[in-house]
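K.L.:
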Amino acid sequence: MDFSKILNSTDMHHAYLFEDTEGTFSGLQKYVRDMKDAPEIYVRDFESLGIDDSRELIHLASMRSVGTQLFIFRARSCTREAQNALLKLFEEPPEHTHFFLCVSNVSDILPTVRSRVFTVESHTHEHEKNFLGKDFLKATPKERILLLEPIVKEKDSKSAALLLDSIEYELYTNQVHVSYTSAAQHIVNVRKVMQDKGVSLKVLMESVALVTPQLS
7 MDFSKILNST DMHHAYLFED TEGTFSGLQK YVRDMKDAPE IYVRDFESLG IDDSRELIHL
67 ASMRSVGTQL FIFRARSCTR EAQNALLKLF EEPPEHTHFF LCVSNVSDIL PTVRSRVFTV
127 ESHTHEHEKN FLGKDFLKAT PKERILLLEP IVKEKDSKSA ALLLDSIEYE LYTNQVHVSY
187 TSAAQHIVNV RKVMQDKGVS LKVLMESVAL VTPQLS
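Quick note: the sequence shown uses our numbering, first residue 7, plus one each step.
#1: Distance, Cα to Cα, Leu207 vs Lys164?
#2: Applying the 10 Å Cβ sphere with the 16-neighbour rule, what's the burial state of Leu216?
#3: Pick from Leu221, Ser83, Val158, Tyr48: whose alpha carbon is nearest that of Leu116?
#4: Reducing DSSP to helix, strand and coil, say where Asp141 ends up.
#5: Cutting at 7 Å between CB atoms, please list the residues of its own chain near Asp26, excluding the five before and the five after it.
#6: Only counting the same chain, and skipping five residues up and downstream in sequence, which positions put a Cβ closer than 8 Å to that of Ala241?
#7: Could you check what DSSP says for Asp162 in three-state terms: helix, strand or coil?
#8: Determine the contact status of Gln122 and Phe96, defining contact as a CB-CB distance below 7 Å.
#9: When the Cα atoms are used, what is the spatial distance from His133 to Val126?
#10: Between the alpha carbons of Val38 and Asp17, how many angstroms are there, rounded?
#11: Take Pro100 as the anchor and find which of Leu66, Val205, Thr85 has the nearest alpha-carbon.
#12: Buried or exposed: which applies to Glu160, given that a residue is buried once 16 or more other Cβ atoms fall within 10 Å of its Cβ?
#13: Would you call the CB atoms of Pro45 and Leu76 closer than 7 Å?
#14: Just to check my reading of the structure: Arg120 and Leu23 have Cβ atoms closer than 8 Å, yes? What is that Cβ distance to the nearest angstrom?
#15: Would you call the segment 195-214 in contact with the segment 166-173, where contact means no fewer than 3 C-beta pairs closer than 8 Å?
#16: Under DSSP, the alpha helix (DSSP H) around Ile57 begins and ends at which residues?
#17: Count the other CB atoms, across all protein chains shown, that sit within 10 Å of the CB of Tyr175; report buried if there are 16 or more and exposed otherwise.
#18: From Glu53 to Thr74, what distance separates their C-alpha atoms?
#19: Do you know whose CA, among Gln191, Leu93, Ser10, lies nearest Met41's CA?
#20: To the nearest angstrom, how far is it from the Cα of Leu152 to the Cα of Lys203?
#21: Alpha carbon to alpha carbon, how far is Leu221 from Ser185?
#22: Can you grab the Cα-Cα spacing for the pair Pro147 / Tyr48, in whole Å?
#23: Opposite Arg80 in the DSSP bridges: which residues?
What follows is the structure, encoded as structure tokens:
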């Protein structure tokens with residue numbers, strides 16, 4: 007995996023969720039250790055991430071640090087209680103602190119948690135997401151509305167979430183989010199609101215179609 011396309015030491019997302027394919031956990035550690043400014047790095051490897059483990063991570067993250075803190079942890083499984091404990095941390099992360107969670111299958115992670123992180127799936131999934139995001143970002147606002155019709159008509163929140171991940175992935179890997187920070191933040195906000203009952207999926211997704219930049 008080419009981490010340089012995803013991680014920018016000067017402008018990192020506060021939390022990343024990686025699908026733990028072969029070499030991801032070790033490769034991620036090597037990449038961040040080679041970063042400039044020598045960040046403070048904590049590495050943990052869990053067979054199963056439980057509530058006590060999450061509380062320990064929250065405690066460590068809350069401790070003051072002189073510079074940037076990076077928490078890299080792998081969990082082959084995560085209890086619901088542990089994930090809910092991490093949710094608050096991902097919603098309000100300490101300043102200059104970033105989290106990297108490697109899991110066997112991202113679909114095992116609660117939607118509420120996934121809505122707070124930048125997801126990086128396996129190579130196959132990345133290719134599929136890349137394709138979706140490219141098509142959407144190359145389209146005009148009018149064309150985007152047409153692309154959204156099947157999702158809106160079926161009220162398919164799962165496909166909508168996949169598309170948001172895809173668009174965000176494209177913005178970050180192409181470093182476009184640096185120039186369009188409001189658009190990147192809008193996607194984060196839409197993903198959060200989409201979990202609420204009674205929201206209009208049509209209004210949310212069409213707002214994304216209007217605020218995201220058109221790429222060549």
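Beta carbons: idealized from backbone N, C-alpha and C, even for Gly.
P.N.:
Taking the structure as given:
#1: Here residue 207 refers to the residue found at position 201 of the sequence shown. Here residue 164 refers to the residue found at position 158 of the sequence shown. C-alpha separation (whole angstroms): 11 Å.
#2: As a working note, residue 216 is residue 210 in the sequence shown. It is exposed - the Cβ of Leu216 has fewer than 16 other Cβ atoms within 10 Å.
#3: Here residue 116 is taken as the residue at index 110 of the sequence shown, counted from 1. Of Leu221, Ser83, Val158, Tyr48, the residue nearest in Cα terms is Ser83.
#4: Counting from 1 along the sequence shown, the entry for residue 141 is found at position 135. DSSP places Asp141 in helix when its eight states are reduced to three.
#5: Along the sequence shown, read from residue 1 onward, the residue named residue 26 stands at position 20. Excluding sequence positions up to five before and after Asp26, its CB lies within less than 7 Å of the CB of Arg80, Cys108, Val109, Ser110, all in the same chain and listed in chain order.
#6: Absent from the model: residue 241. The displayed extent of the chain is 7 to 222, so no value can be given.
#7: For the purposes of this step, residue 162 is identified with residue 156 of the sequence shown, where counting begins at 1. Note: Asp162 maps to coil in three-state DSSP.
#8: On the sequence shown, residue 122 is found 116 positions in, with the first residue counted as 1. On the sequence shown, residue 96 is found 90 positions in, with the first residue counted as 1. Looking at the sequence itself, residue 122 is Arg, so the reference to Gln does not match. It is a contact, given that the beta carbons lie within the stated cut-off.
#9: Taking the sequence shown and counting its residues from 1, one reaches residue 133 at position 127. Taking the sequence shown and counting its residues from 1, one reaches residue 126 at position 120. Bear in mind that the predicted position of His133 carries a pLDDT of just 48, short of 50, making it too unreliable to give a figure here.
#10: Walking along the sequence shown from the start, residue 38 turns up at place 32. Walking along the sequence shown from the start, residue 17 turns up at place 11. So the alpha carbons of these two residues sit roughly 13 Å apart.
#11: Position 94 of the sequence shown holds residue 100. When only C-alpha atoms are compared, the closest one is Leu66.
#12: Here residue 160 corresponds to residue number 154 of the sequence shown, with the count starting at 1. Burial call: exposed.
#13: By 1-based counting over the sequence shown, the position of residue 45 is 39. By 1-based counting over the sequence shown, the position of residue 76 is 70. A contact, by the Cβ cut-off of 7 Å.
#14: For the purposes of this step, residue 120 is identified with residue 114 of the sequence shown, where counting begins at 1. For the purposes of this step, residue 23 is identified with residue 17 of the sequence shown, where counting begins at 1. 7 Å between Cβ atoms; contact.
#15: yes
#16: The sequence position of residue 57 within the sequence shown is 51, counting from 1. Where Ile57 is concerned, the enclosing alpha helix (DSSP H) stretches over 57-68.
#17: In the sequence shown, residue 175 corresponds to position 169, counting from 1. So Tyr175 counts as buried.
#18: By 1-based counting over the sequence shown, the position of residue 53 is 47. By 1-based counting over the sequence shown, the position of residue 74 is 68. Approximately 27 Å, taken between the alpha carbons.
#19: As a first step, residue 41 must be located in the sequence shown, where it is residue number 35. The shortest C-alpha separation from Met41 is found at Ser10.
#20: Numbered from 1 along the sequence shown, position 146 holds the residue referred to as residue 152. Numbered from 1 along the sequence shown, position 197 holds the residue referred to as residue 203. About 25 Å.
#21: By one-based count along the sequence shown, residue 221 stands at place 215. By one-based count along the sequence shown, residue 185 stands at place 179. Between Leu221 and Ser185, the C-alpha separation is close to 12 Å.
#22: Residue mapping note: residue 147 aligns to position 141 of the sequence shown, counting from 1. Residue mapping note: residue 48 aligns to position 42 of the sequence shown, counting from 1. Computed Cα separation, rounded: 43 Å.
#23: Position 74 of the sequence shown holds residue 80. Arg80 is bridged to Asp51, Cys108.
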